[in-house]
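Working notes, structure below.
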Amino acid sequence: MSVAPMELDGGFQMDTANYQWLCATVEQSIGVRLQNKENLVHNRLSRRARQLGLRSLGEYRAYVEGAGDEGLREVLDILTTNVTSFFRENGHFERLAEVLADFDKPKLRIWSSACSSGEEPYSIAMTVRAALPRVDERDVKILATDINTEVLAHAEEGIYNSDRVSGLSKEVLSTNFLHGRGAKEGLVAVRPEVRALVTFRRLNLIEAWPFRGPFDVIFCRNVVIYFDKPTQTELFRRMANLLAPGGLLFIGHSEIVSGCDDLLKAEGNTTYRRVR
Ligand SMILES: C[S@@+](CC[C@H](N)C(=O)[O-])C[C@H]1O[C@@H](n2cnc3c(N)ncnc32)[C@H](O)[C@@H]1O
Numbered sequence: 008m009s010v011a012p013m014e015l016d017g018g019f020q021m022d023t024a025n026y027q028w029l030c031a032t033v034e035q036s037i038g039v040r041l042q043n044k045e046n047l048v049h050n051r052l053s054r055r056a057r058q059l060g061l062r063s064l065g066e067y068r069a070y071v072e073g074a075g076d077e078g079l080r081e082v083l084d085i086l087t088t089n090v091t092s093f094f095r096e097n098g099h100f101e102r103l104a105e106v107l108a109d110f111d112k113p114k115l116r117i118w119s120s121a122c123s124s125g126e127e128p129y130s131i132a133m134t135v136r137a138a139l140p141r142v143d144e145r146d147v148k149i150l151a152t153d154i155n156t157e158v159l160a161h162a163e164e165g166i167y168n169s170d171r172v173s174g175l176s177k178e179v180l181s182t183n184f185l186h187g188r189g190a191k192e193g194l195v196a197v198r199p200e201v202r203a204l205v206t207f208r209r210l211n212l213i214e215a216w217p218f219r220g221p222f223d224v225i226f227c228r229n230v231v232i233y234f235d236k237p238t239q240t241e242l243f244r245r246m247a248n249l250l251a252p253g254g255l256l257f258i259g260h261s262e263i264v265s266g267c268d269d270l271l272k273a274e275g276n277t278t279y280r281r282v283r
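Numbering-wise, our numbering puts 45 at position 38 of the sequence shown, and it's gapless, one number per residue.
What follows is the structure, given as structure tokens:
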């Protein structure tokens, strides 16, 4: 086995053979491709390796393999990219509000399929509360899923630094957040009535899903960029099949749906409607 060292700064040594093992392990587990991301991987793993007193990827691999499922979970938590924000790509929330204003079914089901630390599903919940007529008389559920256990724990808590909400309007802030005082100064908490609409679960998008839908709206934003094309197409087809007829799929602004023309019709660049 080749142990050619890689040209990277710092004390944590990575070599080609163990890097290939890492790429294969992560891609097989969750579809995320780490090829050509050596610097990012080095930065993230070297921090953890230092805590563990390990000096190389080979040593870290031995630690991960020795820890079984927990070891794999740790690798996935460290290596997934969780960047998100409240009302990110706001056009989707404006479109959602328009759709909800005319929504006449008693039951509304929405899935935020790569929810990271919760900003996306809470933005959905805030939009639902503002836009859906008679919201408290309807059966509304927002399912929020992600593979990363650390961000899910944060999401469930629903507490954020106030700089995370500094761009939101006064009205959105007062309707949807509690503002910390004293020891909690500088923190905001999502109000209980908003949180109550959202259920968080750990879910791997490339494995079987323990539900059958249908969903009225699915958000699948800024996650498929990490997958290869066939995995993207398969995922979008599975999601399209879970949408109610006329249901909407929102994707990230740098993403595109292909191979689903029989199921989905584009409405603008990043919104698709289930056609049959
Ligand atoms: C960049 S964040 C996007 C968050 C949010 N959707 C947004 O657009 O702001 C991507 C998320 O996808 C999650 N992820 C990556 N691979 C996944 C998989 N196979 N199954 C479920 N979640 C995954 C990551 O943990 C991460 O939280």
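Where is the CB? At the ideal position from N, CA and C, for every residue including glycine.
Problem set entry | Where the beta strand (DSSP E) through Cys227 begins and ends | Phe222 to Cys227
Problem set entry | Inter-residue Cα distance where the pair is Asp22 and Arg40 | 18 Å
For this session: Would you list, in sequence order, the uninterrupted beta strand (DSSP E) runs of no fewer than 3 residues that lie entirely inside the segment 125–209?
Result: 146–153, 166–168, 184–186, 194–197 and 205–209
For this session: Would you identify the three-state DSSP class for Met13, choosing helix, strand or coil?
Result: DSSP places Met13 in coil when its eight states are reduced to three.
Problem set entry | Residue from Ser120, Asp111 and Ser181 whose Cα sits closest to the Cα of Met133 | Checking every option, the nearest Cα to that of Met133 belongs to Ser181.
Problem set entry | Buried versus exposed, by CB contacts within 10 Å (16 or more), Ser53 | Ser53 should be labelled buried.
Exercise. CB of Ser123 to nearest heavy atom of ligand 1: below 7 Å?
Worked result: yes
Exercise. So is Gly165 buried or exposed if we call it buried at 16+ other beta carbons inside 10 Å?
Worked result: buried
Problem set entry | Candidates His260, Val197 and Arg171, of which the one nearest Gly98 by Cα | His260
For this session: Tell me whether Ile213 counts as near ligand 2, meaning its Cβ is closer than 7 Å to at least one heavy atom of that ligand.
Result: Annotation note on ligand 2: not contained in the displayed structure, which lists ligand 1 as its ligands.
Exercise. Going by the C-beta, is Tyr233 closer than 7 Å to any heavy atom of ligand 1?
Worked result: yes
Exercise. Ligand 1 heavy atoms versus the CB of Gly98: any closer than 7 Å?
Worked result: no
For this session: Quick one: residues in its chain with C-beta nearer than 7 Å to the C-beta of Val264, no 5 flanking neighbours on either side, listed in chain order?
Result: Phe243, Ile258, Leu271 and Tyr279
Exercise. Taking one C-beta from the segment 90–106 and one from the segment 130–145 each time, how about it: are there three or more such pairs within less than 8 Å?
Worked result: Taking a contact to require three or more Cβ pairs closer than 8 Å, the segment 90–106 and the segment 130–145 qualify as touching.
For this session: Give me whichever residues DSSP pairs with Gln20 in a beta bridge.
Result: Its beta-bridge partners are Ser63.
For this session: Would you please state the rounded distance, in angstroms, between the beta carbons of Glu126 and Ser92? I believe it to be under 8 Å.
Result: 6 Å
Problem set entry | Buried/exposed call for Leu250, threshold 16 Cβ in 10 Å | buried
Problem set entry | Met13 versus Gln20 - alpha carbon distance | 7 Å
Problem set entry | Helix, strand or coil at Ala56 according to DSSP, with G and I counted as helix | helix
Exercise. Comparing the CB of Thr134 with every heavy atom of ligand 1, is any distance shorter than 7 Å?
Worked result: no
For this session: Would you be able to state if there are at least three C-beta pairs under 8 Å between the segment 64–82 and the segment 22–31?
Result: yes
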